[in-house]
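Asks: Protein chains in written order, with the numbering used here: chain A, 2 to 193; chain B, 2 to 193; chain C, 1463 to 1734.
No residue lacks a Cβ here, since even glycine has one placed at the ideal position from N, Cα and C.
The structure presented is a predicted model; accordingly, all values stated were derived computationally and were not measured.
Encoded as structure tokens, here's the structure I'll be asking about.
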Amino acid sequence: MTPDDRRIAMRLEAMLIVADEPMSVVNLATAVGTPVPAVRVALQALRADYDGEADGPRRGFELREVGGGWRVYVREELDGVVTEFVGSQAPARLSQAALETLAVIAYKQPVTRSQVAQIRAVNVDSVVRTLLGRGLITEMHSDPETGAMHYGTTSLLLQKLGIDSVDELPPISPLLDDGADGFEGIDGVDAL
Amino acid sequence: MTPDDRRIAMRLEAMLIVADEPMSVVNLATAVGTPVPAVRVALQALRADYDGEADGPRRGFELREVGGGWRVYVREELDGVVTEFVGSQAPARLSQAALETLAVIAYKQPVTRSQVAQIRAVNVDSVVRTLLGRGLITEMHSDPETGAMHYGTTSLLLQKLGIDSVDELPPISPLLDDGADGFEGIDGVDAL
Amino acid sequence: MSTDERASGEIDEGGFRVSLSNFDGPFDLLLNLITKRELDITEVSLSAVTDEFIAYLADLGPDENLDEASEFLVVAATLLDMKVAGLLPQGELVDAEAVALLEARDLLFARLLQYRAFKEVSVWFADRITREDARHTRDVPLDERYRARTPELQWTVSLDDFAAIATLAFAPREIPTVGLDHLHAPQVSIREQAAIVVSALRTSGSVTFRELAAGADGPGVIVARFISILELYRHAAVSFEQLEPLGELTVRWVADTWSDENLATLGADYDT
């Protein structure tokens, strides 16, 4: 492998490690500033490398061409390790913090993480991840200006609560003097 | 490297590739079913491997120990390649007041707001609120007598600073040692 | 530019200078010299620094960037603390033991240097955060298939429970503070207290502060008497003598000319 090949491989690795969906060869070529055919060759070489077919060892991850793009995945034979760990980490019940965050999102949706954090006066990043993972909330749209993601609740939550729509959420009492201005747009609350 | 070492390394790679936050050595040890010391050794070896210090080539990604755990990052010299493509937005900057407050809390933790206010000679309530909302500091415990809340820094702050523990904070002006007698709580600084 | 240069450059702009018998220059340089032990802290006259500081504050226009002057807030707060500590030996703003341990001058400089150390290290924080923000980490959502074996979520919250949780979550989470509203401090007139002080001083010529404060009805009155003495000092009507830090403070009447007109304008700064 020439130093130039190695340079391309490193750049590809940098791109592939942050990509959260398969990246097309064309996109990768643009990103690393290398013609498409060379990128194609380099990707094949990386895949063989990770599979232990070059000089190095076989990796715990692999490079797969899926749906017209390339992406790093956990090597299939190791899926069990990940599944088991994820299962052991997920609590069967939601924590109080998770429930409160869920409640804020339910009543204020669509709402960004930082807006929730402001109301709760704590950082809610990991809780939001848990709720996403549990399918109780979902990403709705990102703000065109700031790019901040807005979250809302799912039909799974409605199902758990036994209601058909968020309109059926009970109105909450306006004990919030200054918090009240945060409720514009929520029917039911305005009505109070 | 024994086949057994290789097996551990592959399992670690599988876990690290799915992790969305720094993974503690303990969690990794649980996930791969290997004692902590062996995991620690394996992580060091992987880091050296990715850095091109083993037999293989230098990778476009690297393994970093940050915020109390291990996580895969794009190699710093290649951040430019990724930034252009990902087009990440700059996060909101902290004000000078927030930075100073953060510094006082980092070095003197656990510390109350009034202790911080005394050092900064201004009221720090709103700054503390901001830092809490950003998840950079957290409530640790309240004083059993006065009820005053003590604050400390979070692993998110360590991640933001790119360090693994508060021990890696730079030593602050040695002159502080002198006056320290009169200032309860500076002991932590001496320890640095 | 190093942290040091940046800090001093900034303060130089601020322009607080002191002129002492053994030092003449920017206050920041004075601190630097003390830090590097090129100037003995015990050779610095605290009262001279205080005078210069008050003069500096008086010249500060309303448009001055207070953020840059934050170091001087520390000076001001410390000077005030020392006054309070002298006024109320068991003062709460300063740990009485700390005051006893450190001479007043040491306290001022120790605090300043402490503040400064944190200010300097905050530059490191800013640099690190900026640098780390530019880093990219692998942050990819977990594939659905890994969740397959996740234990079923046990949902035990009823609709009403959920609303109750929402109410709790929306309740303003004020950072707890100790309210001072219940302290209905009666208004104390500095002018009235000054009249009492002036009358006592003109009668005796020289009185200790302890005597002046004796019989005062509550801390507010003591504070007002103390402030009135500071005001009288500004009018060059009194002088002080204090043989040792925190020792007995003797107030002496030195006014050549004094009329009740002076008294009428006294403490006007405190009028609201």
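Under 8 Å, Cβ to Cβ, is there at least one residue of chain B near M150/A?
Replies: False, the Cβ-Cβ gap to chain B never drops below 8 Å.
Asks: Does the distance from the C-beta atom of V167/A to that of T155/A stay below 8 Å?
Replies: The answer is no: Cβ separation not under 8 Å.
Asks: Residues in its own chain within less than 7 Å of V125/A by CB, not counting five upstream and five downstream?
Replies: Around V125/A: T102, R114, V117, A118.
Asks: What does I1627/C touch in chain A if you count any residue whose Cβ is under 9 Å from its own?
Replies: What I1627/C touches in chain A: Q97, L100, E101, L103, A104.
Asks: Give the range of the beta strand (DSSP E) segment to which D221/A is assigned.
Replies: Any question about residue 221/A goes unanswered here, given that chain A covers just 2 to 193.
Asks: Can you name, in chain order, every residue of its own chain whose Cβ lies under 6 Å from the Cβ of A1510/C, other than the five neighbours on each side?
Replies: Same-chain partners within the cutoff: L1482.
Asks: Can a CB atom of chain C be found closer than 8 Å to the CB of V19/B?
Replies: V19/B counts as touching chain C.
Asks: If the cut is a Cβ gap below 7 Å, which residues of chain B does L13/A touch?
Replies: Correct list: G61.
Asks: I want to verify the contact list: residues of chain B whose CB lies under 8 Å from the CB of D56/A, in sequence order.
Replies: Those are D56, G57, listed as they occur along chain B.
Asks: Using a C-beta to C-beta distance shorter than 9 Å, which residues of chain C count as neighbours of R94/A?
Replies: By Cβ distance, chain C contributes L1615, Q1616, W1617, T1618.
Asks: Could you tell me which chain C residues have their CB closer than 9 Å to the CB of P171/B, listed as they occur along the chain?
Replies: In chain order: V1583, W1586.
Asks: Are A104/B and V128/B close, meaning C-beta to C-beta below 8 Å?
Replies: The answer is no: Cβ separation not under 8 Å.
Asks: Which residue from L1725/C, L1728/C, Y1695/C, E1723/C puts its Cα closest to that of V1716/C?
Replies: Cα-wise, what sits closest to V1716/C is Y1695/C.
Asks: Could you give the first and the last residue of the continuous beta strand (DSSP E) run that contains T139/A?
Replies: T139/A -> beta strand (DSSP E) spans 138-143.
Asks: Put G1548/C into one of helix, strand or coil per three-state DSSP.
Replies: In this predicted model, G1548/C has a pLDDT of only 49, less than 50, meaning its place in the structure is not dependable; the value taken from the coordinates is given anyway. Helix at G1548/C.
Asks: What does Q119/A touch in chain B if you count any residue whose Cβ is under 8 Å from its own?
Replies: G134, listed in chain order.
Asks: Since A15/A and V83/B should fall inside the 8 Å C-beta cutoff, what is the C-beta to C-beta distance between them, to a whole number of angstroms?
Replies: Right, their Cβ atoms sit about 5 Å apart.
Asks: Who does P58/A pair with in a DSSP beta bridge?
Replies: Note: P58/A sits in no beta bridge, so no partner.
Asks: Can you give me the C-alpha to C-alpha distance between D1486/C and R1479/C, rounded to a whole angstrom?
Replies: When rounded, the distance between both Cα atoms is 7 Å.
Asks: Report the option in D21/A, L162/A, V19/A, V112/A whose CA atom is closest to the CA atom of Y152/A.
Replies: Closest option to Y152/A, Cα to Cα, is V112/A.
Asks: Which class does S1481/C belong to by DSSP, given the choice of helix, strand or coil?
Replies: Strand at S1481/C.
Asks: Leaving aside the five residues before and after R121/B along the sequence, list all residues of the same chain whose C-beta is less than 7 Å from its C-beta, in chain order.
Replies: The answer, listed in chain order, is E101, T102, V105.
Asks: Under 8 Å, Cβ to Cβ, is there at least one residue of chain A near R7/B?
Replies: Judged by the 8 Å Cβ criterion, R7/B is in contact with chain A.
Asks: Buried or exposed: Q160/A, going by 16 or more other Cβ atoms within 10 Å of its Cβ?
Replies: So Q160/A counts as exposed.
Asks: Considering only residues of the same chain and omitting the five flanking positions on each side of V1650/C, which have a CB-CB separation below 8 Å?
Replies: For V1650/C, where only same-chain residues beyond five positions count, the Cβ hits under 8 Å are G1682, V1683, V1685, A1686.
Asks: Just the C-alpha distance for L158/B and L133/B, rounded to the nearest angstrom, thanks.
Replies: Approximately 11 Å between the Cα atoms of the pair.
Asks: When you compare the CB of D168/B with every CB in chain C, is at least one pair closer than 8 Å?
Replies: Not an interface residue.
Asks: Is there at least one Cβ from chain B nearer than 8 Å to R76/A's Cβ?
Replies: Output row for R76/A: interface = yes.
Asks: Taking the alpha-carbon of Q97/B as reference, which of F1571/C, V1583/C, A1572/C has the nearest alpha-carbon?
Replies: With distances taken between Cα atoms, Q97/B lies closest to V1583/C.
Asks: Would you say A46/B faces chain A, with C-beta separation under 8 Å as the test?
Replies: Taking Cβ atoms only, chain A never reaches closer than 8 Å to A46/B, which makes this a no.
Asks: I need the boundaries of the alpha helix (DSSP H) containing S127/A, first residue and last residue.
Replies: Where S127/A is concerned, the enclosing alpha helix (DSSP H) stretches over 126-134.
Asks: Would you verify that the beta carbon of L64/B is, or is not, closer than 8 Å to some beta carbon of chain D?
Replies: In summary, chain D is missing from the structure at hand, where the protein chains are A, B and C.
Asks: Starting from the beta carbon of R130/A, find every residue of chain B whose beta carbon is closer than 9 Å, and list them in chain order.
Replies: Going along chain B in sequence order, the residues near R130/A (Cβ under 9 Å) are D21, E22.
Asks: Taking Y1577/C as the query, report the chain B residues whose CB atoms sit under 8 Å from its CB, ordered along the chain.
Replies: Going along chain B in sequence order, the residues near Y1577/C (Cβ under 8 Å) are I120, R121, A122.
Asks: Determine the direct distance from the alpha carbon of A1675/C to that of L1705/C, and round the result to whole angstroms.
Replies: Their Cα atoms are separated by approximately 19 Å.
Asks: Is the Cβ of Q110/A closer than 8 Å to any Cβ of chain B?
Replies: It does not: the Cβ of Q110/A has no partner Cβ on chain B nearer than 8 Å.
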